[in-house]
Every structure is written in C-alpha cells, then in structure tokens.
C-alpha cells in the first residue's frame, strides 16, 4: 500500500514471510503479513505430548513385563524430577517489539493530524490563510472522518498486537525454560534405553553362569552318589565272593576229611564247619579302612623309594603294595588268607597265595632289595618269627632293607585297646628283642621308630610360686612325667628297620633316610 499508512504497516512487519501469517484478510492495503505462527511453540508442545504419550505407548505395548515395569519406573522418576526442577533462565531471544511500538505511535500522530491545520507565523496574510484552511477542514470533515477513524483503529490494533507479542514472548520464554528439564530427561532416557541391552546381556550371562554352576554341582553330586552306590555294590559283591570262597574251602576240607577217616567220622563231617574268625571282616572293623592303613604306611616310602624287587610278607589287603605301585617300585605280596588275596587281585596287584615260609624257601638268596611286614610277627611263636627274620636277611641283597612293624608292648594303651582284641595274637614282642634278632642275623644300621601315638598320658604340673614348690624339683618331676608318658603312652606301634651289610650305591637315598 502506498502512502503513510502502508509504509507504517510494512515497516512494522519484522518477521520474514515464511514466519508470518495473514492477520487481516481482504484489507485494502498491503499484504498484512506481520503476525507469526509460532512454530517453535507448536514444536515444543508437540514434543512434550509425544514424549509422554510415547512412554505410555511403549510401556503398554511391550510384551515383556520387566521392560514395562522398567519404563513405568523411569517415567515416575521423570515426574518426580519435574516436581523438584526449577526452570532455568530463558534461552530463546524474545522477538523485538520496539519497531512495532514506534509504528503505532506514528499512526496515532497521523490520525490526530487529520482535520487540523498546521500553525503559521503571525500576520494578516497568514491569519487569512489559516482561516481558509480551517474553513476547508470543517467543510471536509465529513470526508476525512472515516480515514481518521480508520487510522485510530489501525493504531489501536498495533497496540494490541504489540501487547500480544509481549505476552507471547513471555510465554515462549517460560515454555523454553520448562522444556529444558524435558530435554535432559529425554537424553537420560535415551542413554538408559541404550544401556538396557548391555545390562540384560550381563544379567543373562550371570544367570547362565549360575545355572551352569548349579548343573555342575548337581552333576558332581550325582557322580558322587553313583560312585558311593557302586562302591557299596562292589563291597557287597566282595562280601558275597568272600563267603563263597569260605564255603568252597570248607567243603573241600570236608571232602578231604571224608577221604581219610572212617565212614562214621566222615558222617560227622558232612556239615562244613564255619571259620573260627573272619579275618578280612575283622581287619575292616577294628584295624581300620584301607585309606587309613595307606596313610599310616606312607611313613615307609622313603626307605623303599628306588628299590627294584620288594616283597610284602602277609600283605593283607595290599595297602603297602598300592603305595609301591604309586612309586613305580616292582613289588609283590604273599598271604595265606584267600579273602585277602581276592581283594588284592581285585586291585590288580601281584600277589601269591600260600605259606610265607614256603614261599621264602623258593626265593633265591640275595635276590630281594626290600622286605616289608606289618602286624604279622605278633601272630607267630618266638621260634617262628626268629626264623622269619633270619630267612629275610638271607634273601636280601647287599644294601637291601628289612622293615618289620608290630604293636609296641611298652605302650600300656595297646593292652586295653588293640592287642588282646585280636584272638590270633600270640604274644607282644618288645622293641629290644626285635632289634637283637635283627643284629643276630647280620643286619646293620638298625633303627627303631615309634608310630601311632596313643594320645594319653599323665599331666605335668604347671609352674608354681617358689614358696609352694622349688623350681628345680618341679622341673625334675615334669621331666620324669614326660619320660614316663613317652615310654608307656607313646607309639602304639613300632617298626625296626635294618640293612644288609654291603652298601648298594643305587639305594643311597633310601639308606640315608633309614639311618635318619
């Protein structure tokens, strides 16, 4: 629009055309493009609605209850933070309204100037001109009054528009400030959602490890349970086989009796007699388990390490032979009891069933470099175990070792606990007597070792004040008690170890251990 009003209106439009909207439609002047559509406000409101609605839709549509519960928790945290959040300073610059205010003032002044006459200087001519102008203005008042009213309406519209823009600027600032915490929370929500897969993977990994651990423990428990059942079944089978062997042996013995005695005596022997003592079961119940015996006999390992030909006399269940196999030492055993031999063969040990003295008579002299016997000589009379020691000494090669273990009669505890519990024991052998027999057969470097302490003994007297008892007398008493305990309540078993004269360099390590 040309003219002052069009210029004022065009001047008061500070926004570019893409931000403007038509305020007045069908006006006879200009474009009327000065009111913005406020796209920033619309975007912020839309973002807020989308964030809130999007969270609700995600939590409602997610089929995983854990994810839905997590989203509800996040939304509750956002709500609580919003309640505590103080709006930050406005970050959006407000649109300028000064130019619009200046244009409104100019339009108001132009409206006031319509129908008035500019003042002139004094004089007749000027007064005449002034009078003519005033007359013309009064005559044309009917013509310019609509224009004046229009200009005043435009100015009033400008003023209202400026006030509206000012209020809009304030609202935009408040909206921008209120959207800042939403932006931060939206960013935190994005980070939270980005970290969910990693946390889930970690949780699944821990659960998998937990399940694998449970499966392994259950598998081990099942294996142990199965092993125990197999062991129990094996022991039951061994017991049945042992009883069968005893019955077969008894029947064979009864057949021999029927062949050599008269018929009247044979008729009395029709029913086989049961053995007086089941020694296999007796050892298991009273001497100890195989594991316990192996633990006790491991004391002898340094004396037999590196040997090449070892004989175990009265090998029993083969505990010492198992220790030799672990050391890769060639060893064999001999025993008369069929149950003991059967147990050794079950463990694939090299054993011979027969009389010990008969077997020693078949062994060449000087062919053995190690002989071991545990808990056997106390079952023999004096002449028998003296002969046994002499034969073993002859069978040893130079540097060969002989180790014999038997109950210790110097320990009083054996007479109340172990020795007379076995009815096959003949008499206890004092350590001095066994050492003497070793020396008589020519064995050297003889040592005595006390094993399996009884754990009993007389108590010593603790230190007392000098006026109660003198320190020297108290020390003498305690030393005597200690010697008494060591003698009578020391090792329940003892072992005498000796070597064949003529040192063998290949057995240096074991011989040195035996002399320790």
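Residue numbers (the numbering used here): 11 to 526. Backbone N, C-alpha and C define an ideal beta-carbon position, used for all residues, glycine too.
Under 8 Å, do residue 359 and residue 328 count as touching if we go by C-beta distance? Looking up residue 359 in the chain shown gives position 349. Looking up residue 328 in the chain shown gives position 318. Cβ distance < 8 Å, so residue 359 and residue 328 count as in contact.
Mind checking residue 53: buried by the 16 CB within 10 Å criterion, or exposed? In the chain shown, the residue the question calls residue 53 occupies position 43. For residue 53, the pLDDT reaches just 41, beneath the cut-off of 50, and the residue's location in the model is therefore unreliable, leaving the point undetermined.
Using the C-alpha atoms, what's the distance from residue 413 back to residue 377? Indexing the chain shown from 1 puts residue 377 at position 367. Indexing the chain shown from 1 puts residue 413 at position 403. Going by the C-alpha atoms only, they are around 16 Å apart.
My guess is that residue 508 and residue 460 are in contact by the Cβ rule of under 8 Å, so how many angstroms apart are they, rounded? Numbered from its first residue, the chain shown carries residue 508 at position 498. Numbered from its first residue, the chain shown carries residue 460 at position 450. Taking 8 Å as the upper bound for CB-CB distance, residue 508 and residue 460 are not in contact here, some 16 Å apart.
Let me confirm a value: residue 338 is counted as buried when at least 16 other C-beta atoms fall within 10 Å, else exposed. Which label applies? In the chain shown, the residue the question calls residue 338 occupies position 328. With fewer than 16 neighbouring CB atoms inside 10 Å of its own CB, residue 338 falls in the exposed class.
Pairwise C-alpha distance: residue 389 and residue 434: In the chain shown, counting from the first residue as 1, residue 434 sits at position 424. In the chain shown, counting from the first residue as 1, residue 389 sits at position 379. The alpha-carbon atoms of residue 434 and residue 389 are separated by roughly 6 Å.
Among 332, 171, 87 and 205, whose alpha-carbon lies nearest the alpha-carbon of residue 301? Locating residue 301 in the chain shown gives position 291, where the first residue counts as 1. Looking only at 332, 171, 87 and 205, the smallest Cα-Cα distance to residue 301 is reached by 332.
Residues in its own chain within less than 7 Å of residue 510 by CB, not counting five upstream and five downstream? By 1-based counting over the chain shown, the position of residue 510 is 500. So the qualifying residues of the chain are 403, 406, 407, 408, 409, 410 and 453.
So who's on the other strand from residue 310, going by DSSP bridges? The residue labelled residue 310 in the question sits at position 300 within the chain shown. BP columns for residue 310 are empty, so no partner.
Which of the three DSSP states, helix, strand or coil, is assigned to residue 420? The residue you call residue 420 lines up with position 410 of the chain shown. Assignment of residue 420 by DSSP, reduced to helix, strand and coil, places it in the coil class.
Which term fits residue 489, buried or exposed, when burial requires 16 or more other beta carbons within 10 angstroms of its beta carbon? To locate residue 489, count along the chain shown from 1; it is residue 479. Residue 489 comes out exposed.
According to the Cβ coordinates, are residue 421 and residue 501 closer than 8 Å? Here residue 421 corresponds to residue number 411 of the chain shown, with the count starting at 1. Here residue 501 corresponds to residue number 491 of the chain shown, with the count starting at 1. Going by beta carbons, residue 421 and residue 501 fall inside the 8 Å limit.
Among 149, 314, 218 and 512, whose alpha-carbon lies nearest the alpha-carbon of residue 6? Nothing about residue 6 can be reported from this structure: the residues present for the chain run from 11 to 526 only.
Indicate whether residue 344 and residue 369 have their beta-carbon atoms separated by less than 8 Å. Locating residue 344 in the chain shown gives position 334, counting from the first residue. Locating residue 369 in the chain shown gives position 359, counting from the first residue. The answer is yes: Cβ separation under 8 Å.
What's the call for residue 527, buried or exposed, on a 16-neighbour Cβ count within 10 Å? With the chain covering only 11 through 526, there is no way to say anything about residue 527.
In angstroms with no decimal places, state the Cα-to-Cα distance between residue 496 and residue 372. Counted from its first residue, the chain shown places residue 496 at position 486. Counted from its first residue, the chain shown places residue 372 at position 362. In a straight line, the C-alpha of residue 496 is about 42 Å away from that of residue 372.
From the DSSP output, which residues share a beta bridge with residue 463? Along the chain shown, read from residue 1 onward, the residue named residue 463 stands at position 453. By DSSP's assignment, residue 463 forms a beta bridge with 501.
Helix, strand or coil for residue 431, going by three-state DSSP, please let me know. Along the chain shown, one-based indexing puts residue 431 at 421. Here residue 431 sits in helix by DSSP.
What do you get for residue 180, buried or exposed, if any count of 16 or more other CB atoms within 10 angstroms of its CB means buried? Within the chain shown, the letter at position 170 stands for residue 180. Classification for residue 180: exposed.
Just tell me which of 321, 114 and 363 has its CA closest to the CA of residue 167. On the chain shown, residue 167 is found 157 positions in, with the first residue counted as 1. Minimum Cα distance to residue 167 is reached at 114.
Among residues of its own chain, excluding the 5 on either side of residue 320, which ones have a beta-carbon nearer than 8 Å to its beta-carbon? Indexing the chain shown from 1 puts residue 320 at position 310. Counting only Cβ-Cβ distances below 8 Å, and skipping sequence neighbours, we find 314, 334, 339, 340, 341, 342, 378, 379, 380, 381 and 382.
Extent of the continuous beta strand (DSSP E) run through residue 358: By one-based count along the chain shown, residue 358 stands at place 348. From DSSP, residue 358 is part of no beta strand (DSSP E); its letter is neither H nor E.
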